[in-house]
Amino acid sequence: MIVRAGIFYDGTLAQPRKNVDIAVDGGLVREVRAADEGGSPDYSAACVTPGLVNAHAHLEMSGEPDLMTFYATTTQNERVLHAVENACKALRAGVTTIRDLGSSCGVSPSVRDAVDAGRIPGPRMRAVASPIVMTGGHGWPIAREVDSPDDARRAVREQMKIGADAIKLMATGGVMTKGAVPGNAQLTFEELEAAIAEAHRHGLRCASHAIGTQGIKNALRAGIDSIEHGHMVDDEGIALFKERGAYLVPTLAAPTCIVAHIEGGGQPQYVVDKARYVNEAMLRNVKRAYDAGVKIAGGSDAGTPFNYHDAYASEVELMHTLLGMSAQEALVAATSTAAELIGLHRGVLAPGEVADMLLLKRDVGSDVRALRDVEKVFKGGACV
Ligand SMILES: [Zn+2]
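Numbering (the working numbering), first residue to last: 335 to 718.
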């Protein structure tokens, strides 16, 4: 199969190429060559990019305004159906790889297995089962609660047993859980360290939800692979990111979507109040981290209020508008950098790489909003 591109972005910061053919065979890219070098195309598009990679999503959540109520009023079976529907929505909107960072009752590893087996459509997946939290900590309604380093180690083993291939740890409070304070540290350094060491011993990467300043540093010192949110990071935290080579997944869409729906959105007042505060911290600090050279990987926290699985393009737009990335840099954060963090493939279009790609109606480099309206999505060389 040959896809002809008017302009071609390979997922790196390399100069985009004009008028190329991408030859695909057996689900992989075989060659990228000038368009006049033979073969007529099966598909053509103004612009071709790698498939998007969303490093932070929750497939069983669909943007409900009040997650405490959502979990109290839905059954596990209903949430499985949400996850299946959202996997399909994400894929059709151009997300060909996704990392589910927490679900109830092992939903997301089951969805991953069904996608891998070809039973349902969806992105390639990494899946956390339950997040690991302190008793009563952020996300407790769907979490494994732990209260010592030994217990944290055991919780990691339990998650692996039910099929998790990534681990999520709550280092601070958060917005959506009643009573959890985003600025406060939750799991201790010792608990984080024990869990991370155990996960790493088995080859699993660890992500930490961390909004508050101290919790971010606790997780970085304990050896975390990525900080999710990171909105109250200070200079010492930024230095730790760089020293440890950890990724920041800023989930800019999460507070942005909540704050955009304050009026009449049906959100609890505590969510709105916390999101306002966190949003202000995010606007102050994440750009500082990016400017200082912290590695930013794309992830939207899709599933949180009004933050939909088919709207990952808006996270890419926010990295452009709020962080000052060029359109191509934002695309790189949402493809190869996020892929590097997830570890399933490289997120680039080059010979030997998975043929996950998007056909766009116009050049994403001159207008990042081109990702809003994807013409065709290919996963493993198949048009989905
Ligand atoms: Zn999340």
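Backbone N, C-alpha and C define an ideal beta-carbon position, used for all residues, glycine too.
The beta strand (DSSP E) with residue i in it runs from where to where?
i, result
"Asn-388", "386-391"
"Asn-353", "351-359"
"Thr-407", "No beta strand (DSSP E) contains Thr-407, which is instead part of the alpha helix (DSSP H) from 401-407."
"Lys-502", "500-504"
"Phe-712", "708-713"
"Asp-434", "429-434"
"Cys-540", "539-544"
"Ala-461", "458-461"
"Glu-479", "478-480"
"His-563", "560-563"
With distances taken Cα to Cα, identify the nearest neighbour of residue i among the options.
i, options, result
"Lys-713", "Ala-704, Ala-348, Arg-367, Ala-427", "Ala-427"
"Arg-458", "Ala-477, Leu-617, Arg-433", "Arg-433"
"His-300", "Pro-475, Ala-623, Ser-396", "Since the displayed the chain opens at 335 and closes at 718, residue 300 lies outside it and no answer follows."
"Val-718", "Val-366, Leu-425, Pro-350", "Leu-425"
"Val-702", "Glu-663, Phe-404, Leu-678", "Glu-663"
"Leu-415", "Ile-545, His-390, Ala-448", "Ala-448"
"Ile-545", "Asp-344, Leu-582, Lys-576", "Leu-582"
"Leu-705", "Arg-680, Ala-689, Asp-644", "Asp-644"
"Lys-423", "Thr-409, Val-363, Ser-438, Gly-397", "Gly-397"
"Ser-648", "Gly-456, Leu-678, Ala-588, Val-666", "Ala-588"
"Gln-603", "Lys-352, Arg-364, Gly-361, Leu-401", "Leu-401"
"Leu-521", "Arg-491, Arg-535, Trp-474", "Trp-474"
"Thr-395", "Ala-389, Gly-436, Leu-386, Gly-360", "This sequence places Met at residue 395; Thr is not what is there. Of the listed residues, the one whose Cα sits closest to Met-395 is Gly-436."
Taking 7 Å as the cut-off, does the CB of residue i come closer than this to any heavy atom belonging to ligand 1?
i, result
"Asp-635", "yes"
"Leu-435", "yes"
"His-565", "no"
"His-472", "no"
"Glu-562", "yes"
"His-643", "no"
"His-390", "yes"
For the alpha helix (DSSP H) that residue i lies in, which residues bound it at each end?
i, result
"Phe-342", "From DSSP, Phe-342 is part of no alpha helix (DSSP H) but of the beta strand (DSSP E) over 336-342."
"Met-494", "483-495"
"Tyr-611", "603-625"
"Cys-591", "587-594"
"Leu-362", "Counting along the chain, Leu-362 falls outside any alpha helix (DSSP H), though it belongs to the beta strand (DSSP E) covering 362-368."
"Tyr-646", "646-657"
"His-534", "523-535"
"Leu-325", "This structure cannot speak to residue 325, because the chain is shown only from 335 to 718."
Under the assumption that residue i contacts residue j (Cβ atoms under 8 Å), give the Cβ distance between them as a whole number of angstroms.
i, j, result
"Ala-672", "Gly-632", "5 Å"
"Phe-640", "Ile-592", "7 Å"
"Ala-348", "Ser-634", "Incorrect: roughly 25 Å between the Cβ atoms, too far for contact."
"Pro-384", "Arg-338", "Between Arg-338 and Pro-384 the Cβ distance is about 16 Å, and since that is not below 8 Å, they are no contact."
"Ala-379", "Leu-694", "6 Å"
"Ala-498", "Ile-466", "Ala-498 to Ile-466, Cβ: 10 Å. No contact."
"Cys-381", "Asp-697", "5 Å"
"Leu-678", "Tyr-343", "With a Cβ gap of about 20 Å, Leu-678 and Tyr-343 do not count as contacting."
"Ala-684", "Val-363", "6 Å"
"Leu-538", "Ala-500", "6 Å"
"Ala-514", "His-543", "Contact doesn't hold; Cβ gap of about 10 Å is too wide."
Any heavy atom of ligand 3 closer than 7 Å to the CB of residue i?
i, result
"Ile-476", "Of the ligands one can find in the structure shown, namely ligand 1, none is ligand 3."
Is the shortest distance between the beta-carbon of residue i and the beta-carbons of chain C less than 8 Å?
i, result
"Arg-453", "Included in the structure is just one protein chain, with no chain C present."
When the Cβ atoms of the region 504-515 are set against those of the region 599-618, are three or more pairs found closer than 8 Å? yes
If you pair each beta-carbon of the region 436-444 with each one of the region 479-488, do three or more pairs fall below 8 Å? no
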